[in-house]
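Engineer: Be aware that the sequence shown starts at 15, since it is given in this note's numbering, and climbs by one per residue.
Each residue gets a CB set at the ideal place from its N, CA and C atoms; glycine is no exception.
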Amino acid sequence: MRAATSRETFRIGGSSMAAVALRCCRRGVSRILSHGGLAASTATHSKGDRRHKSTVQYATRPELPKLAYRRVKGKSPGVVFLPDYGSNMSGQKAEALEEFCRSLGHSYLRFDYTGHGASEGVREEGSIGTWKKDVLYMLDEFAEGPQILVGSSIGGWLMLLAAIARPEKTAALVGISTAADHLVTTFNSLPLETKMQVQEKGEWTIPTKHSEEGLYKFSMDFLHEAENHCVLHSPLPITCPVRLIHGLKDEDVPWHISMQVAERVLSTDVDVILRRYGQHRMSEKDDIKLMVYTIDDLIDKLTTMV
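#1: Would the beta-carbon of I142 fall within 9 Å of that of M305?
#2: From D266, K303 and K299, pick the residue whose C-alpha is nearest to that of S167; which is it?
#3: What is the residue span of the beta strand (DSSP E) that H243 lies within?
#4: With DSSP as the reference, please indicate the residues paired to A186 in a beta bridge.
#5: Contact defined as beta carbons within less than 8 Å: I believe G261 pairs with R278. What is the distance between those atoms, to the nearest angstrom?
#6: Pair every Cβ in the region 72–80 with every Cβ in the region 112–121, then say whether three or more of these pairs are closer than 8 Å.
#7: In three-state terms, what does DSSP make of V279?
#8: Under DSSP, the alpha helix (DSSP H) around G119 begins and ends at which residues?
#9: Figure out for me which residue from E241, V284 and K80 has the closest Cα to the Cα of R257.
#10: Could you round the C-beta distance between A82 and F125 to whole angstroms and report it? I think they count as a contact, below 8 Å.
#11: If I measure Cβ to Cβ from P97 and keep anything under 7 Å in the same chain, skipping five residues before and after, which residues do I get?
#12: Helix, strand or coil for A177, going by three-state DSSP, please let me know.
#13: Buried or exposed: which applies to Y1, given that a residue is buried once 16 or more other Cβ atoms fall within 10 Å of its Cβ?
#14: When the distance is taken between beta carbons, is T253 closer than 9 Å to L280?
#15: I need the boundaries of the beta strand (DSSP E) containing Q293, first residue and last residue.
#16: Express the C-alpha separation of A132 and L163 in angstroms, rounding to a whole number.
#17: Over the uninterrupted alpha helix (DSSP H) stretch that includes E217, give me the two end residues.
#18: Between the C-alpha atoms of K299 and Y307, what's the straight-line distance to the nearest angstrom?
#19: Cα separation between M152 and K315?
#20: Taking only three categories from DSSP, how would you classify D310?
#21: What is the DSSP secondary structure of Y127, reduced to helix, strand or coil?
#22: Name, in chain order, the residues that DSSP records as bridge partners for A82.
#23: Fully enclosed by the region 96–120, which alpha helix (DSSP H) runs are 4 residues long or longer?
#24: Give me, in chain order, the residues of the same chain whose beta-carbon lies closer than 6 Å to that of F232; leave out the 5 immediate sequence neighbours on both sides.
#25: For the beta strand (DSSP E) holding L150, just list the boundary residues, first then last.
#26: So, with DSSP's three-state summary, where would you put K89?
#27: May I ask which residues mark the beginning and end of the beta strand (DSSP E) holding H260?
#28: Please classify G228 as buried or exposed, where buried requires at least 16 other C-beta atoms within 10 Å of its C-beta.
#29: Between I178 and V198, what straight-line distance do the alpha-carbon atoms span, to the nearest angstrom?
#30: According to DSSP, simplified to helix, strand and coil, what is K299?
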């Protein structure tokens, strides 16, 4: 592990962030990020300027809730953003990625899972399997050609499931605070007495600062279903480039999960990037810059390979 930038970012794996930054400068991304760049664009959007923002559309599925999505058409590889549990497609990272993809002419897709954001359905009635089906449906119906999947937290778990199910659609993966198996392993690590109390109650309550209610509630049915989608118990048949960004100050999902993912994937092109002061959401200006630089470097790599 060695320092890669002056902003306390550490990288385990391939080329240094300095090389990434140089490529970005050649491609013009540094100009997009200057003077507030992507972060400033988010503030602009919040003030009502929608001129350069995709419109919300709805995917209608037989006997299933409609899914809200935003789409920008462009060249390959495209980028697909998968948000966290309880979050939606209008967060800072999702907004920043749209501007980035627009600037380079690449396609971009973001959407809300069932029961999230502007999509139909009840979040508490959803499951990891439900949201995996959402991701696969959107990939099949709206993502043309190879995609770079960008998953945040539980979106990172869904990203891995999607990559396994749709290898032909997956050009590369970028995990941000990846929460693969996290809910299941955390529950299983609870003291026996606590687990018995949860099972009697039928509901597991987790304190969180990312919800207005200050907590998340998961039913035992949710946890049992989630066990069917755990991925870290065996090698992962994922051979595309993988980048895993995680903050060492993440109080929700420990950074060593990204290390476990890196060890499990079969790909030989895997980097783990650790932010010394990074927190779970990874939505600070420098965090977003790092995400964009990482994706731009992957686009450069993938287009050069072609």
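Structural biologist: Checking against the coordinates, here is how it stands:
#1: For the purposes of this step, residue 142 is identified with residue 128 of the sequence shown, where counting begins at 1. For the purposes of this step, residue 305 is identified with residue 291 of the sequence shown, where counting begins at 1. No.
#2: Counting from one through the sequence shown, the residue named residue 167 turns up at place 153. Just measuring C-alpha positions, the residue of D266, K303 and K299 sitting nearest S167 is D266.
#3: As a working note, residue 243 is residue 229 in the sequence shown. Counting along the chain, H243 falls outside any beta strand (DSSP E), and DSSP gives it neither H nor E.
#4: By 1-based counting over the sequence shown, the position of residue 186 is 172. A186 is bridged to I162.
#5: In the sequence shown, residue 261 corresponds to position 247, counting from 1. In the sequence shown, residue 278 corresponds to position 264, counting from 1. Not confirmed; about 21 Å, so no contact.
#6: By the C-beta criterion, the region 72–80 is judged not to be in contact with the region 112–121, since fewer than 3 inter-stretch pairs fall below 8 Å.
#7: Position 265 of the sequence shown holds residue 279. In this structure, V279 counts as strand in the three-state DSSP scheme.
#8: Position 105 of the sequence shown, counting from 1, holds the residue named residue 119. Unbroken run through G119: none, as it is neither H nor E.
#9: The count along the sequence shown starts at 1 and reaches residue 257 at position 243. Shortest Cα-Cα distance from R257 to any of E241, V284 and K80 involves V284.
#10: Within the sequence shown, the letter at position 68 stands for residue 82. Within the sequence shown, the letter at position 111 stands for residue 125. Contact holds; Cβ gap of about 6 Å.
#11: The count along the sequence shown starts at 1 and reaches residue 97 at position 83. Within the same chain, M103, G105, A108, S166 and G169 come within 7 Å of P97 by CB-CB distance, once the 5 residues on both sides are set aside.
#12: Working through the sequence shown from its first residue, we reach residue 177 at position 163. In this structure, A177 counts as helix in the three-state DSSP scheme.
#13: The question about residue 1 has no answer, for the chain in this structure spans 15 to 320.
#14: The residue labelled residue 280 in the question sits at position 266 within the sequence shown. The residue labelled residue 253 in the question sits at position 239 within the sequence shown. In contact: L280 and T253 (Cβ atoms closer than 9 Å).
#15: Taking the sequence shown and counting its residues from 1, one reaches residue 293 at position 279. Q293 -> no beta strand (DSSP E), and no H or E assigned at all.
#16: Here residue 163 is taken as the residue at index 149 of the sequence shown, counted from 1. Here residue 132 is taken as the residue at index 118 of the sequence shown, counted from 1. Distance between the alpha carbons of L163 and A132 is about 21 Å.
#17: For this step, residue 217 is matched to residue 203 along the sequence shown. Segment E217 to P221 is the beta strand (DSSP E) holding E217; no alpha helix (DSSP H) there.
#18: Locating residue 299 in the sequence shown gives position 285, counting from the first residue. Locating residue 307 in the sequence shown gives position 293, counting from the first residue. Going by the C-alpha atoms only, they are around 12 Å apart.
#19: Working through the sequence shown from its first residue, we reach residue 152 at position 138. Working through the sequence shown from its first residue, we reach residue 315 at position 301. It is roughly 25 Å from the alpha-carbon of M152 to the alpha-carbon of K315.
#20: Indexing the sequence shown from 1 puts residue 310 at position 296. Helix, per DSSP.
#21: Here residue 127 is taken as the residue at index 113 of the sequence shown, counted from 1. For Y127, the secondary structure class from DSSP, reduced to helix, strand or coil, is coil.
#22: For the purposes of this step, residue 82 is taken as the residue at position 68 of the sequence shown. Residue pairing from DSSP places A82 in a beta bridge opposite Y72.
#23: Runs of the alpha helix (DSSP H) lying entirely within the region 96–120, each at least 4 residues long, are 106–118 in chain order.
#24: For the purposes of this step, residue 232 is taken as the residue at position 218 of the sequence shown. Counting only Cβ-Cβ distances below 6 Å, and skipping sequence neighbours, we find W218.
#25: What you label residue 150 is simply residue 136 of the sequence shown in a count that begins at 1. Membership of L150 in any beta strand (DSSP E) is not indicated; the residue belongs instead to the alpha helix (DSSP H) covering I142 to F156.
#26: Taking the sequence shown and counting its residues from 1, the one referred to as residue 89 is at position 75. Strand.
#27: Counting from 1 along the sequence shown, the entry for residue 260 is found at position 246. The continuous beta strand (DSSP E) containing H260 extends over residues V256 to G261.
#28: Walking along the sequence shown from the start, residue 228 turns up at place 214. So G228 ends up on the exposed side.
#29: Residue numbering aside, residue 178 sits at position 164 when the sequence shown is read from its first letter. Residue numbering aside, residue 198 sits at position 184 when the sequence shown is read from its first letter. When only Cα atoms are considered, I178 and V198 end up about 20 Å apart.
#30: The count along the sequence shown starts at 1 and reaches residue 299 at position 285. The answer is helix: DSSP assigns K299 an H, G or I state.
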